[in-house]
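Residue numbers (numbering that gives the first Met the number 0): 0 to 110.
Written out below as structure tokens is the structure these notes cover.
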Amino acid sequence: MFIAAPAPAHAKAADGKVGLSVYGKGLRVDSVGAHIDGHGTGVRARLITYTPQGYRSELTGWKDATPVTAAMTRMSMVSWKWKGGKKFPHNIRLCVEFNHAQGEPCARIHR
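Now the structure itself:
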């Protein structure tokens, strides 16, 4: 299932066991966080984008996720931060992909 949440400033999206949080304002994104339910060995994630025409691009390379436990909740988390923010074209979809899970939540970046 594909979910595209609007991201005029901040957005959260989920797809199955994978979650995405985008922080910024308008077309500028300051940081992105993502998580997957559970711990695992070798869990990595990367950011990808889709243009309004459907073209896919890898925005980042694979990044190792950090296992986190809070009370009874176990997850693996990863984040990206751009100093001064990163500007995106209007209506682009910013998505996260984990190597150990189905699901690719996306946030639509727009004015």
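Note that the Cβ used here is the ideal one computed from N, Cα and C, for glycine as well.
Coarse secondary structure for residue i, derived from DSSP in three states
i, result
"residue 34", "strand"
"residue 26", "coil"
"residue 15", "coil"
"residue 84", "strand"
"residue 44", "strand"
Cross-strand partners of residue i (DSSP beta bridge)
i, result
"residue 65", "76"
"residue 10", "21"
"residue 49", "55 and 92"
Straight-line gap, residue i to residue j (C-alpha atoms, nearest Å)
i, j, result
"residue 108", "residue 55", "15 Å"
"residue 22", "residue 92", "14 Å"
"residue 32", "residue 52", "25 Å"
"residue 0", "residue 101", "Per-residue confidence for residue 0 stands at a pLDDT of 43, beneath the threshold of 50, marking its modelled position as unreliable; no derived number is given."
"residue 26", "residue 86", "5 Å"
"residue 72", "residue 46", "24 Å"
"residue 30", "residue 14", "19 Å"
"residue 40", "residue 62", "13 Å"
"residue 48", "residue 90", "10 Å"
"residue 84", "residue 70", "33 Å"
"residue 82", "residue 104", "24 Å"
"residue 20", "residue 79", "11 Å"
Which listed residue (the options) has its alpha carbon closest to that of residue i
i, options, result
"residue 43", "31, 64, 50 and 24", "64"
"residue 77", "89, 83 and 60", "60"
"residue 95", "34, 82 and 74", "34"
Whole-angstrom C-beta distance between residue j and residue i, which should lie under 8 Å
i, j, result
"residue 99", "residue 66", "Actually they are not in contact, since the Cβ atoms of residue 99 and residue 66 sit about 12 Å apart, beyond 8 Å."
"residue 97", "residue 28", "About 19 Å; that fails the 8 Å criterion."
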